[in-house]
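Per the working numbering, the very first residue in the sequence shown carries number 49; after that it's consecutive.
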Amino acid sequence: MRMTAAVLGMMLMCLATTAAARESRVAGERHGTTSVASAVVRDAQHRDTLRYTAWYPAQAGSRETALTLGPPDAPLFDVGRAALDAPVAGDRLPTLLLSHGNGGSARMMGWLGTALARAGYLVIAVDHPGNNGADAMTLPGSLLTWLRADDLRAALVAVQADPVLGPHVDAERLGVAGFSAGGYTALLAAGARPDLQRLLAFCTAHPDDGVCRPQQEATTHTMEARIAAAGSPELSPWISRANASRAIPGVRAVFL
């Protein structure tokens, strides 16, 4: 996919003004879970569960509550406001898949998700197994980053099957957005493929680059540890399929 086409697609999506956007200034929020086979190897408790959060334009009059991170009496981050399980405003809505960064979470992306919901978008965010701030970070979660795109695909399928949200998904207006590692995930969902040999060569030459050195959220996940884990019987089958396409059918725009 050409970058110019992706940028143009996002511009067109942003310019699209729906009836829901005109009628609703309220953001709704809905939570769900689905299954992803690869989550078993990434999740610290070896669960196949994937959590997702959806934000959408809610019907006028729906009661919003504050979304925060941290202790209720001393929140660390004000995410925004949304009305939990509120009725959806509008018909088919432009749909955006949203991926958090390393050690983040769907809730941490709520500041963007709720803003897009007020603008008329249906936004679907996930907690990437083994690589989110709500659960224990794992080495497979840090290593098998290309599987993040599978999480977005699974969440989209789950929302399409949801009796409340499914009828509002517009698969003809589908985009992906991501922050940091989520931007990498968005590119994978649009058809990009990882090249592990080039990554290894780059990190050999630039060991202190942010992609190569361990992140603050998981200081033991060094490049040496990742290389050792890649050769293990548990992970080597996943490594061998790293270059397979993770493109999500219908994605027409990417925002990084």
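For every residue, glycine included, the Cβ atom is placed at its ideal position computed from N, Cα and C. The model shown is predicted, which means the values in this text are computed figures rather than measured ones.
{"Item": "Could you check where the beta strand (DSSP E) with G80 kicks off and where it finishes?", "Value": "V74 to S83"}
{"Item": "Under 8 Å, with one C-beta from each stretch per pair, do the region 146-160 and the region 226-233 reach the 3-pair mark?", "Value": "yes"}
{"Item": "Check whether the Cβ atoms of A202 and V299 sit closer than 7 Å, and answer yes or no.", "Value": "no"}
{"Item": "Counting only runs of 3+ residues fully inside the region 121-190, write out the beta strand (DSSP E) ranges in chain order.", "Value": "125-132, 141-147 and 170-175"}
{"Item": "Could you compute how far the alpha carbon of D257 sits from the alpha carbon of C251?", "Value": "7 Å"}
{"Item": "Is it buried or exposed, I172, if we count other Cβ atoms within 10 angstroms and call 16 or more buried?", "Value": "buried"}
{"Item": "Is the beta carbon of L283 closer than 7 Å to that of A277?", "Value": "yes"}
{"Item": "Please say whether P242 and W194 have beta carbons closer to each other than 7 Å?", "Value": "yes"}
{"Item": "Taking the CB atoms as reference points, tell me whether P105 and A182 lie closer together than 7 Å.", "Value": "no"}
{"Item": "With a threshold of 6 Å on Cβ separation, who are the neighbours of F125 within its own chain once the five nearest residues in sequence on each side are excluded?", "Value": "L117"}
{"Item": "Which one or two residues does DSSP pair with P105 in a beta bridge?", "Value": "A75"}
{"Item": "According to DSSP, what are the bridge partners of T193?", "Value": "DSSP, once it has assigned bridges, lists no residue as partnering T193."}
{"Item": "Please list, in chain order, all residues of the same chain as G158 whose beta carbon is under 6 Å from its beta carbon, the five residues on each side excluded.", "Value": "L115, V127 and G128"}
{"Item": "Let's see if you can read the secondary structure: which residues bound the alpha helix (DSSP H) around L236?", "Value": "A229 to A237"}
{"Item": "Could you spell out the range, first to last residue, of the beta strand (DSSP E) harbouring E220?", "Value": "V217 to G226"}
{"Item": "At which residues does the alpha helix (DSSP H) containing L248 begin and terminate?", "Value": "L244 to A253"}
{"Item": "Report the rounded CA-to-CA distance for R70 versus S110, giving the unit in angstroms.", "Value": "For R70, the predicted model reports a pLDDT of 48, less than 50, meaning its position is unreliable and no value from the coordinates is stated."}
{"Item": "When burial is assigned at 16 or more other CB atoms within 10 Å of the CB, is T82 buried or exposed?", "Value": "buried"}
{"Item": "By alpha-carbon positions, which one of Q107, V88, Q93 and A131 ends up nearest to E77?", "Value": "A131"}
{"Item": "When we look at the beta-carbon of A54 and count the other beta-carbons within 10 Å, is it buried (16 or more) or exposed?", "Value": "With a pLDDT of 49 at A54, under the threshold of 50, the predicted position of this residue should be treated as unreliable, though the coordinate-derived value follows. Buried, by the Cβ-count rule."}
{"Item": "If we ignore side chains and look at the alpha-carbon of each, how far apart do W286 and L145 end up?", "Value": "24 Å"}
{"Item": "In terms of alpha-carbon separation, which member of T143, T233 and L160 lies closest to L192?", "Value": "T233"}
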